[in-house]
Every structure is written in C-alpha cells, then in structure tokens.
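Accompanying notes for the structure given below.
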Amino acid sequence: MDDSVRVGVDVGGTFTDVVAVGPDGLTTAKVPSTTPQHEGVVRGIEAACGTADIEPSDVDRFRHAMTVATNALLETDGAETALVTTAGFGDVLAIGRQARPDLYDQSVARPDPLVPDARRYELDERATPEGIEQPVDPDAVRALAADIDADAVAVSLLHAYAHPENERRVAEILRRELDAPVSASDEVLGAFREYERTATTVADAFVTPVLSTYLGHLEAEARELGLPEPRVMQSNGGIADIGTVRDNAVTTALSGPAAGVVGASAFEPVDADGLVTFDMGGTSSDVSLVRDGGVERTTDADVGDRPVRVPMVDVETVGAGGGSIAWVDSGARCVWAPSRPARSRGRPVTGGAGPTRP
3 MDDSVRVGVD
13 VGGTFTDVVA
23 VGPDGLTTAK
33 VPSTTPQHEG
43 VVRGIEAACG
53 TADIEPSDVD
63 RFRHAMTVAT
73 NALLETDGAE
83 TALVTTAGFG
93 DVLAIGRQAR
103 PDLYDQSVAR
113 PDPLVPDARR
123 YELDERATPE
133 GIEQPVDPDA
143 VRALAADIDA
153 DAVAVSLLHA
163 YAHPENERRV
173 AEILRRELDA
183 PVSASDEVLG
193 AFREYERTAT
203 TVADAFVTPV
213 LSTYLGHLEA
223 EARELGLPEP
233 RVMQSNGGIA
243 DIGTVRDNAV
253 TTALSGPAAG
263 VVGASAFEPV
273 DADGLVTFDM
283 GGTSSDVSLV
293 RDGGVERTTD
303 ADVGDRPVRV
313 PMVDVETVGA
323 GGGSIAWVDS
333 GARCVWAPSR
343 PARSRGRPVT
353 GGAGPTRP
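Per this note's numbering, residue 3 is the first one in the sequence shown, and the count goes up by one each step.
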C-alpha cells in the first residue's frame, strides 16, 4: 500500500480547490480564491490537512495548477514590457494578421498590443534564412539598453528562427546590462512567422515577473509549512519544477484548464471511444475532448485574442459559469455580461461574469 501523502491544488477565479490523498483516503477542501493567489493556496492546504488530521510537513508531493499567467494575459495586468526587434519591424505586434475573427463584422476591435509603441526598440541587423548578413553591433545594443525602462524585455529578431546568432548576442548583452528578465524568441518559440513568434515571446516576457513573484511567495510559504516544493502544471498537461516554469512562464498560460482535462483523461471508460470534459466554475466553463485515453493538444491557441503558439491542451472556454448573471431582454433574448475568452481558436467567444476560469 502507498503510504505517501499527496496534495493537489487548483486555483480558479472563484474558488481554490485542494485534494489531499493519503493512507486513509481522499480529503478535499474549498476556499475562496484570494489576491494574491498564494494566500488562498496556503489556507486551502491547511484546511485539507486539518480535516485529514495530518500535518503539512507530512506531505510528500505537492502539485499545483493556477491561473496567474492566464489572468495576467486576459486582464493585461502583467509587467511593463519592452520589445527589441529588427529595424523596420517594430510594428509587427500592432499590424498582426489580416484575418479577422468575424469576416463580415465591421466593428471588430483588435486588442491593444501588450507593448505600446513607446517601448518598442529597433536594431540594425540582418539575418536571412541562409545566414547572417549584418552582425549586430554590441555598442548599439548597450546604447539601446540605456534607453530601456521596463520590467521585462522581449527580443524577437527577423529570421532568428533560422539563424539566432544575432538574437542570442542581443539577449546576452541585455541580460548583463539590465536588471530585468529577457525573453528571446529562439528560446520561447523558434518557429517561422514573425508575428506569432513575436507575440508569444512578448507574452512570455509580460507574465514572467508576475509569475516569478507568485512562485517566490508560494515557495517560501511551502517551505515554512514544511511542504515539498510545488510542481506546476503546464499548458500542455505536463508538470515542471519551479525553476523550469520561471524560465518558461508562457507555458503556464492555460495551467488551470489543462489540469482538469488531464485529470478527466484518467477516468475514460474502457468501452468508450472518447469523452467530452466539461468543467464549470463560477466564472467560466471549459470544454475539451479525450480520445483513446489521450488528451487533445494544439499549438494554434489564442489567449485573450492574442496568439500564444506553445503546446497546449486543446480547451475551448466560454466566459459563462455558475456565477454568471443572465437576463431576458426586451426582444426575449437571453443575454449575459460579455467577457473575453480564455482560449479560442481564431474566433471570439463572449459572455459570462468575468474572464478567468474557476
């Protein structure tokens, strides 16, 4: 018999849920989510351990799914971020793609770029798919660093997916010159198409300080309680240690919704070809598909109508949960307060009480 004690925590927009599994069975606890989130996590663990009559120091494994990065992206409440890119490409974030979510909707409004024009910086350098034509000037990078006033920096140079030498040199110098985390596109998403690569790199830089602060508080609280270091759920359904997550913050953009799908996949009936997962909380509802015991994944995901092209569990989220308030208007149509989707594949989903998942 397994005598270990395991704790899992899922933070949502309304509640923080804790499950403790030990020799005597399973114990659950539900507490209101807090700002900052780590306070609710600690309260939930203490409540679950108290009910199970165990000490937090008895816990052998601690797994954690969260919405820190999700909320930062949806609410545009991340770090003040700067973007360094190739001369002539500073407006890539603002231009985006020609395609619109709804082809015939003349009132479509794109979300504002996470990096405003004033914090976009351009460098004279040139790489092609064949090689480096113009090496980056280290003195120009140092001069640019002196002008940057931001909490995080994203570096995305043209064709760095094929020849990242210039980009790596820029990131190396900026990390020496600045007291701020630097996200380089060839480390975040070394893939073709500059808009998606730049947007994903900017998203990583945007959430890195927020996530790092949260994990620092959580790690300190866990240590004080005698808990093991938490392992964090990533958007692709895997888990990683805190150091790895800090260095790859954007990989947690769908941490919370992914956890529910991964958990459901363990309970697929043996005589079924698949199942649909439905996770409704107070502020949103998440739906996904499990086939042959496997979780569906995608690299074509949007968070808050912005492309985030890292591997994710394929979850569709509608912003309407159990706590949503609906009414019937004068035209006998049921409506509810609009919000942005946590995940949509190229098309907006509206409705609900808020943008975060439960």
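Just so it is clear, CB atoms sit at the ideal spot from N, CA and C, and this is done for glycine as well. Source: prediction; values computed, not measured.
Nearest to V172 by alpha-carbon distance, out of Y106, P211, G240, E127, is E127. Take H161, set aside five residues on each side of it, and the residues of its chain with a beta-carbon closer than 7 Å to its own are A129, T130, P131, in chain order. The three-state secondary structure of I56, taken from DSSP, is coil. A contact between stretches requires three or more CB pairs, one per stretch, nearer than 8 Å, and the region 50 to 68 meets this requirement with the region 221 to 238. Separation of G14 and V312 (C-alpha to C-alpha, rounded to the nearest whole angstrom) is 22 Å. When DSSP reads this structure, D281 sits in a beta bridge with D288. By the Cβ rule, the region 168 to 187 does not count as touching the region 280 to 292, because fewer than three pairs are nearer than 8 Å. Per the coordinates, the alpha-carbon of D114 lies some 19 Å from the alpha-carbon of V157.
One Cα belongs to P38, the other to Y216, and the distance between them is close to 8 Å.
Residue range 17 to 24 is occupied by the beta strand (DSSP E) that includes F17. Taking 8 Å as the upper bound for CB-CB distance, V86 and L125 are in contact here, some 6 Å apart. Taking 7 Å as the cut-off, the Cβ atoms of V21 and T30 count as close.
Spatial neighbours of T279 in its own chain (CB-CB distance under 6 Å, excluding positions within 5 residues in sequence) are listed in chain order as V263, A266, S290. Around the beta carbon of F91, 16 or more other beta carbons lie within 10 angstroms, which makes this residue buried. A straight line joining the alpha-carbon of G133 with that of T16 spans about 51 Å. Per DSSP, F208 is one residue of the alpha helix (DSSP H) stretching across 196 to 227. Within the same chain, Cβ atoms closer than 6 Å to the Cβ of R8 are found at V23, R63, the five residues on either side in sequence being excluded. Under the three-state reduction of DSSP output, V138 falls in the coil class, being neither helix nor strand. Taking one beta carbon from each stretch, the region 251 to 261 and the region 194 to 208 have 3 or more pairs nearer than 8 Å; the two touch. Assigned with DSSP and collapsed to three states, G245 falls in helix.
Burial is judged here by how many other beta carbons sit within 10 angstroms of a residue's own beta carbon; E135 has fewer than 16 and is exposed. In this structure, DSSP gives D149 a helical state, which the three-state scheme calls helix. Using a Cβ distance threshold of 7 Å, I150 and A84 count as a contacting pair. Residue state for A162 is assigned as coil, using DSSP reduced to three classes. Beta-bridge analysis with DSSP links M314 to T300. At a Cβ-Cβ threshold of 7 Å, M235 and I244 do not count as neighbours.
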